[in-house]
Amino acid sequence: MIKIICVGKIKENYLKDGIEDYIKRINKYHKIEIIEVMDSDINRERELILKNINSKDYIITLEIEGNNISSIELADKIDKTFITNNCITFIIGGSYGLHDDVKSLSNYKLSFSKMTFPHGLFRLILLEQIYRCFKILNNETYHK
């Protein structure tokens, strides 16, 4: 299973539509779940995020300071992680970022860029990359 824990709700319909589209696409390959936690102060967000983490989850935090890798490398990371783990949990923080307690649980810190993105848009970008990973792993064509 892939789980995405993210802070905040999506308000924009165009983002909701894109997110739903990629969830449907990914579900053809693997079960995926999105867990939204309430946008609050960083300590409350910490509590809400931690409540949704299982001790057996392989945790990938999305952080500006994280590793910057290619789509092929992310596909390989996902593939190898599923050999020993049943659940990969991606965590997207809110406007305050991630609490240090959440960061300390991370098995892998991932960065898409040194730039800051709106969390709703970033959720869509992450889903697109997860979908791309499954296309790569299944040797299926996908636009470049």
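In terms of our numbering, the sequence shown opens at residue 160 and continues consecutively. For glycine and all other residues, C-beta sits at the position ideal for the given N, C-alpha and C.
Taking residue i as part of the alpha helix (DSSP H), name the residues at either end of that continuous run.
i, result
"residue 183", "172-186"
Count the other CB atoms, across all protein chains shown, that sit within 10 Å of the CB of residue i; report buried if there are 16 or more and exposed otherwise.
i, result
"residue 289", "buried"
"residue 181", "buried"
"residue 300", "exposed"
"residue 251", "buried"
"residue 243", "exposed"
"residue 310", "Here the chain has residues from 160 to 303 only, and residue 310 is not among them."
"residue 163", "buried"
"residue 178", "buried"
"residue 161", "buried"
"residue 169", "buried"
"residue 237", "buried"
Any chance the CB of residue i is under 7 angstroms from a heavy atom of the ligand SAH?
i, result
"residue 205", "No copy of the ligand SAH occurs in the structure displayed, which carries no ligand at all."
Helix, strand or coil for residue i? Go by DSSP, reduced to three states.
i, result
"residue 294", "helix"
"residue 284", "helix"
"residue 213", "coil"
"residue 289", "helix"
"residue 169", "coil"
"residue 204", "helix"
Counting along the chain, where does the beta strand (DSSP E) carrying residue i start and finish?
i, result
"residue 161", "161-166"
"residue 191", "191-196"
Legend entry - Stretch-stretch touch, CB-based, cutoff 8 angstroms, three pairs: the region 183-195 with the region 212-228: With a cut-off of 8 angstroms on Cβ pairs, the region 183-195 is not in contact with the region 212-228, counting fewer than three such pairs.
Inset, instruction - Quick one: which unbroken alpha helix (DSSP H) runs of 4-plus residues sit fully inside the region 215-272? Chain order, please. - result: Counting only runs of 4 or more, we get 230-243, 259-263.
Inset, instruction - Indicate whether the contact test is met: 3 or more Cβ pairs, each with one atom in the region 193-200 and one in the region 164-172, closer than 8 angstroms. - result: Contact between the region 193-200 and the region 164-172 is present, because at least three Cβ pairs lie under 8 angstroms.
Inset, instruction - Take every Cβ of the region 289-298, pair it with every Cβ of the region 199-217, and state whether three or more of those distances are shorter than 8 angstroms. - result: These segments do not touch.
Legend entry - Segment contact, 8 angstroms Cβ cut-off, at least three pairs: the region 253-262 with the region 168-177: The region 253-262 is not in contact with the region 168-177.
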